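Numbering (the working numbering), first residue to last: 82 to 340.
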Amino acid sequence: MKSESLFNYKTLSGEELTFFNENGYLIIKSILKPEGLVQMQQECMDAWGKEKETFDPNKSWLQNALLINIHHQATTVKEYYFSGPLVEIASEIIGPNIKGATSQLTFKMKGNTKPFGWHQDNGYGELEPYNALTTLTALDDTDRGNGCLWLIPGSHKKGQIRVEQNEAQKKSGAEIIVDADDSLAVPMEMKAGDVLIFNCWMLHKSDGNISDSRDRRILFLRYADADAIEVYNGGKPRLGRLVKGKTKFKEVEEFEANL
82 MKSESLFNYK TLSGEELTFF NENGYLIIKS ILKPEGLVQM QQECMDAWGK EKETFDPNKS
142 WLQNALLINI HHQATTVKEY YFSGPLVEIA SEIIGPNIKG ATSQLTFKMK GNTKPFGWHQ
202 DNGYGELEPY NALTTLTALD DTDRGNGCLW LIPGSHKKGQ IRVEQNEAQK KSGAEIIVDA
262 DDSLAVPMEM KAGDVLIFNC WMLHKSDGNI SDSRDRRILF LRYADADAIE VYNGGKPRLG
322 RLVKGKTKFK EVEEFEANL
């Protein structure tokens, strides 16, 4: 069910699809209406306050900056994730059968000057087919001062970059960093309510938040083909809510169906 008062629904134009296919990314302005943005900010911060604390330089990136499955705790996020405008946009890029593959709040607080190096999202959770879509919805204005994302247009055309990790690195959740040419990087500055979408092979990074007064909250939602499998997990289906179309996997069809 569409929430017309919260979100701006749209279809991608031919020009936008061409730009995405060539460059691997697209920024869509004002995907959240003012009411939707305010509700999402409040619900996300209520959820954050229940589980998280202030930034601690001695804690890990996961502890400091990520709140996974944010749709379990924020009703507006759940609506946005399951039936918001990104579902149709994802189907225009991926195909008719879509599931939600990841939902998390990424909160780079003021004082968190830790950068996050060059990587591909499919390097952390390799899904096949290789058409998963990352969406980053800005809950704050995000720019070079508070740690916006940088990416290299067209870098998705290089395909999957293999990074070897030993067992200790895998168990510790060590960052998967790849080499990239910083001179080719473009900052993805956005206003609160905008969304950045990009291909699963897109090379991207973020710098630390050097602002002393502004946080940087991003809603990270990943969509995939409904039959996408986890390459790193013996080809098992990636579990995620079926948000459009159908799937051959019963476990995906049933996953969070009643949430």
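Cβ atoms here follow ideal geometry from the backbone N, Cα and C, with glycine treated the same way.
All figures in this text were calculated on a predicted structure; none of them were measured in a lab.
Does the distance from the C-beta atom of cysteine 125 to that of leucine 107 stay below 9 Å? Not closer than 9 Å, so no.
Does the Cβ of proline 210 have 16 or more other Cβ atoms within 10 Å, making it buried, or fewer, making it exposed? Classification of proline 210: exposed, given that the 10 Å Cβ count is below 16.
Burial state of glutamate 335 (16 or more Cβ within 10 Å): By the neighbour-count rule (16 or more Cβ atoms within 10 Å), glutamate 335 is not buried but exposed.
Using 8 Å as the cut-off, can you tell me whether the region 216-224 makes contact with the region 291-311, which would need three or more C-beta pairs spanning the two stretches below that distance? Yes, the region 216-224 is in contact with the region 291-311.
With a CB to CB cut of under 7 Å and the five nearest residues on each side skipped, what residues in its chain are close to lysine 329? Closer than 7 Å at the Cβ level, and outside the excluded window around lysine 329, lie Asp308.
Are three or more beta carbon pairs between the region 102-117 and the region 277-288 nearer than 8 Å? In the pairwise beta carbon analysis, the region 102-117 is classified as touching the region 277-288: at least three pairs are separated by under 8 Å.
Cutting at 7 Å between CB atoms, please list the residues of its own chain near isoleucine 112, excluding the five before and the five after it. The beta carbon of isoleucine 112 sits closer than 7 Å to those of Phe88, Asn89, Pro166, Thr218, Gly274, Asp275, Val276, all from its chain and outside the five residues before and after it, given in chain order.
Within a Cβ cutoff of 6 Å, which residues of the same chain sit near serine 84, ignoring the five residues on either side of it in sequence? So the qualifying residues of the chain are Glu160.
Helix, strand or coil for alanine 249, going by three-state DSSP, please let me know. Residue confidence for alanine 249 is low, a pLDDT of 45 falling below 50, so the modelled location carries little weight and cannot support an answer.
Mind checking whether leucine 386 and glutamate 173 have CB atoms under 9 Å apart? Only positions 82 to 340 of the chain appear in the structure, and residue 386 is not among them; the question remains open.
I'd like the list of long-range same chain contacts for alanine 338, defined as Cβ closer than 8 Å, with 5 residues on each side in sequence excluded. Cβ within range, chain order: Arg322, Leu323.
Beta-carbon within less than 6 Å of threonine 183's beta-carbon, same chain only, minus the 5 sequence neighbours each way: which residues are those? Cβ neighbours of threonine 183 beyond the five flanking positions: Arg303.
On a Cα-Cα basis, can you pick out the residue from Asn212, Asn227, Ile170, Asp262 that is closest to proline 234? Nearest C-alpha to proline 234: Asp262.
Between the beta-carbon of isoleucine 242 and the beta-carbon of leucine 214, is there less than 9 Å? No, these two residues do not count as a Cβ contact at 9 Å.
What three-state label does DSSP hand phenylalanine 101 in the structure shown? Under the three-state reduction of DSSP output, phenylalanine 101 falls in the helix class.
Three-state secondary structure assigned by DSSP to alanine 213: Judged by DSSP in its simplified three-state form, alanine 213 adopts coil rather than helix or strand.
With a Cβ-Cβ cutoff of 9 Å, do asparagine 212 and alanine 155 count as a contact? Alanine 155 is positioned such that its CB atom lies no closer than 9 Å to that of asparagine 212.
According to DSSP, simplified to helix, strand and coil, what is glutamate 332? Judged by DSSP in its simplified three-state form, glutamate 332 adopts helix.
Quick one: what does DSSP say leucine 320 is sitting in, helix, strand or coil? Here DSSP, grouped into helix, strand and coil, assigns leucine 320 to coil.
Simplified DSSP state of serine 287, which is helix, strand or coil: Judged by DSSP in its simplified three-state form, serine 287 adopts strand.
Excluding five sequence neighbours on each side, which residues of the same chain lie with their C-beta closer than 8 Å to the C-beta of arginine 225? Within the same chain, arginine 225 has close Cβ partners Pro268, Glu270, Asp288.
Taking the alpha helix (DSSP H) that glutamine 122 falls in, what are its first and last residues? Counting along the chain, the alpha helix (DSSP H) containing glutamine 122 begins and ends at 115-132.
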